[in-house]
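Only one structure is covered here, and it is reproduced in the block below.
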Amino acid sequence: MTMVTMNIICLFILVLILPSTKQFDLETCRSPLGIETGKILDSAFSSSSHAGINSTASKARIRSESNGWCPLNQISITTYEYIQIDLINLTVITLIELQGRFSQQPNEQYADSFRIEYRRENQQKWIKYKDFSGQYILSGNANSHIPTIRDILPSLIAKQIRIIPIVTSLKPKYVCMRLELYGCLYEDGPISYSMPQGDKRGYDIEFFDETYDGKNENGTLKDGLGQLTDGILGGDDYRLADNAQGIGKIGYDWIGWKRKLFSTSNINLYFYFNAIKNFTSINLYTSNLFLRDIYLFNSIMITDCDDKNIRKTFSIIPDDSINPHARFINISLVSGHGIIANCLKVTLTFNNRSKWILISEVLFDSIPINTNIPLLTTTIQPTTLIDNGIKLTQYWHWLLLASSLVLLLIVLLIFIYLQWIQSSQHRRKLCEMTAHLKFDSSYQPISMKFPPKSRIHCCYTTTCDSSNSESNSTCSISHNDIRRQLIISTTTSPSGGTTTSASDFGTISTASPATMSTVYQSVVNPYLTAVTQETLNVTSNPYASIDVYTNPITFDETMHIKNPIKSIQGPCGNSLYQSLSTKNDSSVKITMPRIPDEQLIMEERYSTIDGCFGTIVRGYIYLRHPCDILKPVLIKALTTSDSIQKELFDKEHELMYRLNHPNLVQFYGYTLKQNYALIEYSNLGDLYTFLSTRQCIQHDQVSLTTNVRLLLVTQLTNALRYLESENIVHRDIAARNCLIYPNYEIKLMNSAITSIHFQSHYFKVNDCRLPIRWMAPETISNNEFSSQSDVWSFGITLWEIMTNCLTLPYALLNDEQVHQRLKLMGNNVMKSSGSLQLSKPEYLSKELVDLMLECWRPYGERPTFHEIFTFFNKRLDGINII
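In the numbering used here, the protein residues as written are 1019 to 1900.
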């Protein structure tokens, strides 16, 4: 055995004997501490008084034959008699079990309620325990003989604990008490921490340390423990109330700090320990809900509290704008040989884009050291043993990392190999199928390729670019000709021609395409294609994409947009409805509703992306009638005195005020003094965020797909049908512009273009920001907005909803590529849209795929919203949504 192997084995053994570094786990921290079994000695018990020699504190062992502890005096709600247990070590207490003394008399010899006091150090003041709801008095026994177990939520960390019996009845009585404590040892955790109290967000969300048991001095928490060490991790979305612990309060499990203007962008936390330790790592559970302006902290610095120890750790945390899930951030201190201290200072720095930092839990890993050795010594080298231990841990850390990488590489190679085998089998099977000259309804044509410098036979109606006939033979073929060719089998008859079976297509055709090949693919085609042929007829199989080009598409620089695109944004930056008629342009002046400015509550900027002449802020209006409620709103403020912009601002909201539909956001009116426009909003946010971040849906996936999504889409089409009937074009239909409400209700709005969260959804064309990935080709080329172009956008939105909004449409192309392809399609240069493909959603029925493709037909051949709504409404009828 080589020396290297021996070293690895020694390292492995040393790591195994290192103490556990986990503070505690609430799921397993529920073991009896030993009052009943005698593990806790009699000397650990004391009391304020006892009635006799047989009722001392040490007799309070549950399920024993003793009388229990009985205080000398009668107990009421105001008396202070206690039994005290010294636990020697810091202990997490999660449960308490109580039992009275058996008595023939009803309502005697037991306490129906109790209080708890505790402390972590002998000289510390006693701390009065309170539960999650802020109650100090907890319910006790209901009779004198049946034990009762009570959860201690939040759990408490103590070295000494007192139980104070209480009788809530008007008449005092004598009581006795037997008990057991449940929990586990508290290891590696601090005995107190100090930090700024959290901040409030909005009117109902408080990111406070609600369970902190120390002092609050002018907004600074000192000498206590709270939610950072309670073992409870916050959820991914703070807006979901913590019902698991029975709290039902939004944001309860998170402590959050808001970035203050004109102040430092750091948060300092101090953690104090009961002994000097060699810290090897720290783990912080933090939120990354960037859609709500909450990001991972940008950097962290860890050092000794008094800065005497020159060892410090500074780490940059990578920005993550993709994964919104909360996670542990592990900071290793091993590379700097650890930090030896009994107090750590942790400094967190805000991300440049972050308005909030949210922390739920902090865990520490440490190696115990000889406390008899001074912290700082220069005459001898007392840290030799410690340094060796750290180096061993460091080597083991790198060994473990290297092993993990090797294992990951092996798994990746196996996966690639299996994919290669599967792909080879698929290609072989495909060749076998096409070679057998028989095709059933499960196969369909997906592509047609022409070899260079070849011509289509005269049996096809072709339009070829004669100017470049020698270099590239790119031809446009009518859809009827394409379909006629694709349904012909490649079976060679004895006469040299080709024949086809009529069983699959209902027709028999013959041709002899000497230069054309036809490829078939299974129905499990992962792509959907927007079809743009001018003479498109409904095919028997709409699942395939048709590409009639063999050479790469080249963009002719002479190609130009017939009518330069115009901005769809209003004075405040939001997209504007476009009225196609004068139906709503009444000469009668409408009296707009007015709301007192005092009823307006501004919370925060909806976006940092403003219009040229205004801005949008998120807030609430307080409605006194018919009931006192706060309604979320978007507050649009015009910041210019320009008369043209003011007229446009007023016309925009006059049009919104005329619209009246349950699936359109409502215009509430203007404020009296500032003339702010108030638009309905939802606390649950938009549909895009809801679908892309949804993780905890309790319904099965099939039920959600077939029912809930159907309800969402039906409501959207209902709103669009109404706009169509009013000759109004929305121009920015997308999941981001749908607000989500309770019971899966949605309402269509038009303000997402101003939100910083959706800047990647828009592309600047001639200084106009446009949702090009959702726009129809004729809109790009001719600036033609219509209900038909809205239908195209709805088809893309339907695809979004059915794919959980996980990616942008045409995600493999950049904005410029999408823009160029749409421009070519709109100018009738690209007769096929094989270059604009969307992945087919899973579990999507054929009829929904057909409808989606119908929405992407040429202009004038798409269905109306009335037809689309009828389609969905019939399928929704009678379905149980929830």
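Even for Gly, the Cβ is constructed at its ideal location relative to N, Cα and C.
Short Cβ contact (8 Å threshold) for residue i with residue j
i                  : j                  : result
phenylalanine 1887 : leucine 1728       : no
glycine 1201       : threonine 1109     : yes
leucine 1362       : phenylalanine 1297 : yes
lysine 1177        : arginine 1119      : no
leucine 1044       : isoleucine 1250    : yes
valine 1783        : isoleucine 1583    : yes
serine 1305        : tyrosine 1256      : yes
threonine 1112     : cysteine 1047      : yes
methionine 1793    : serine 1811        : yes
phenylalanine 1631 : threonine 1609     : no
isoleucine 1004    : valine 1747        : A query on residue 1004 cannot be resolved here, the shown segment of the chain reaching from 1019 to 1900 and no further.
methionine 1870    : leucine 1830       : no
arginine 1196      : isoleucine 1114    : no
tryptophan 1087    : serine 1065        : yes
leucine 1258       : isoleucine 1312    : no
leucine 1174       : tyrosine 1211      : no
isoleucine 1058    : isoleucine 1103    : yes
proline 1911       : leucine 1840       : Because the chain here runs from 1019 to 1900, residue 1911 falls outside it and cannot be looked at.
Beta-bridge pairing of residue i - partner residues as DSSP gives them
i               : result
threonine 1331  : Ile1320
cysteine 1361   : Tyr1290
glutamate 1135  : Lys1146, Arg1180
tryptophan 1275 : Ile1375
asparagine 1301 : Asn1348, Leu1381
valine 1635     : Arg1623, Ile1653
leucine 1682    : Leu1766
Inter-residue spacing [alpha-carbon to alpha-carbon] between residue i and residue j
i               : j                  : result
tyrosine 1877   : lysine 1267        : 51 Å
serine 1372     : isoleucine 1340    : 14 Å
asparagine 1072 : arginine 1133      : 24 Å
serine 1378     : isoleucine 1181    : 29 Å
glycine 1274    : serine 1710        : 24 Å
asparagine 1832 : proline 1859       : 21 Å
leucine 1618    : isoleucine 1093    : 53 Å
isoleucine 1320 : lysine 1330        : 6 Å
threonine 1247  : isoleucine 1179    : 18 Å
glutamine 1684  : tryptophan 1438    : 55 Å
glycine 1950    : serine 1799        : Limits of the chain in this structure are 1019 at one end and 1900 at the other, which puts residue 1950 out of reach.
valine 1726     : alanine 1129       : 51 Å
proline 1050    : glutamate 1621     : 48 Å
glutamate 1698  : leucine 1766       : 10 Å
alanine 1752    : leucine 1156       : 52 Å
glycine 1152    : glutamate 1742     : 55 Å
glycine 1588    : serine 1807        : 20 Å
asparagine 1370 : leucine 1436       : 43 Å
leucine 1652    : isoleucine 1335    : 34 Å
glutamate 1670  : tyrosine 1861      : 41 Å
alanine 1293    : glycine 1703       : 48 Å
lysine 1892     : isoleucine 1586    : 34 Å
isoleucine 1758 : threonine 1186     : 47 Å
leucine 1788    : phenylalanine 1667 : 20 Å
histidine 1884  : threonine 1735     : 8 Å
isoleucine 1760 : serine 1700        : Isoleucine is not the amino acid found at residue 1760; the sequence shown has proline there. Cα-Cα distance, rounded: 9 Å.
Test: residue i CB closer than 8 Å to a CB of chain D
i              : result
threonine 1304 : The displayed structure is made up of one protein chain only, and chain D is not part of it.
Inter-residue CB distance, residue i and residue j (contact presumed, cutoff 8 Å)
i                  : j               : result
serine 1625        : isoleucine 1639 : At roughly 19 Å, the Cβ-Cβ gap does not stay under 8 Å, so serine 1625 and isoleucine 1639 are not in contact.
phenylalanine 1225 : aspartate 1217  : 6 Å
proline 1208       : tyrosine 1290   : 6 Å
alanine 1737       : asparagine 1755 : Going by Cβ atoms, the distance from alanine 1737 to asparagine 1755 rounds to 10 Å, so no, they are not a contact pair.
serine 1597        : arginine 1749   : 11 Å between Cβ atoms; not a contact.
leucine 1730       : tyrosine 1706   : Not quite, the Cβ-Cβ distance comes to about 12 Å (not below 8 Å), so this is no contact.
aspartate 1322     : isoleucine 1357 : 6 Å
lysine 1654        : tyrosine 1694   : 7 Å
proline 1614       : leucine 1690    : 6 Å
isoleucine 1387    : lysine 1295     : 7 Å
Residue i: CB within 7 Å of a non-hydrogen atom of the ligand MG
i           : result
serine 1131 : Among the components modelled here there is no ligand, and therefore nothing to report on the ligand MG.
Taking only runs of the beta strand (DSSP E) that begin and end inside the segment 1809-1876, which ones reach a length of at least 3 residues, in chain order?
-> The beta strand (DSSP E) runs of length 3 or more contained entirely in the segment 1809-1876 are, from start to end of the chain, 1855-1857.
Would you mind listing the beta strand (DSSP E) stretches within the segment 1213-1271 that are 3+ residues and don't spill past its ends, in chain order?
-> Runs of the beta strand (DSSP E) inside the segment 1213-1271: 1233-1235, 1238-1242.
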